[in-house]
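Peer 1:
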């Protein structure tokens, strides 16, 4: 998970960051746990992925 994503995010890092975030998200979803901490982490990862895709105009 990335610590801080801000409006000045450098889209040159998007490919690597998205790959890492999607792997982390997949791992968390694979745990099968629905505890509040895991769900919070999943939500945060989904938000970070959406932010990067919107900020860097990536469509997939």
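Residue numbers (our numbering): -6 to 53. Where a beta carbon is used, it is the ideal one built from N, C-alpha and C, also for glycine.
1. Output the boundary residues of the alpha helix (DSSP H) element that contains residue -2.
2. Whole angstroms is fine: what's the gap from residue 29's alpha carbon to residue 22's?
3. Which of the three DSSP states is assigned to residue 39 in this structure?
4. Please report how far the alpha carbon of residue -1 lies from the alpha carbon of residue 7, in whole angstroms.
5. State the start and end residues of the unbroken alpha helix (DSSP H) segment that holds residue 10.
6. Quick check: what's the CA-CA separation for residue 46 versus residue 20?
Peer 2: By the coordinates alone:
1. Taking the first residue of the chain shown as position 1, residue -2 is located at position 5. Segment: none, residue -2 is in no alpha helix (DSSP H) and carries neither H nor E.
2. Locating residue 29 in the chain shown gives position 36, counting from the first residue. Locating residue 22 in the chain shown gives position 29, counting from the first residue. So the two alpha carbons sit approximately 13 Å from each other.
3. Against the chain shown, residue 39 aligns to sequence position 46. Helix at residue 39.
4. As a first step, residue -1 must be located in the chain shown, where it is residue number 6. As a first step, residue 7 must be located in the chain shown, where it is residue number 14. If I take the Cα positions, the gap works out to 13 Å.
5. By one-based count along the chain shown, residue 10 stands at place 17. Its alpha helix (DSSP H) spans residues 7 to 24.
6. Position 53 of the chain shown, counting from 1, holds the residue named residue 46. Position 27 of the chain shown, counting from 1, holds the residue named residue 20. If you take the alpha carbons of residue 46 and residue 20, they lie about 20 Å apart.
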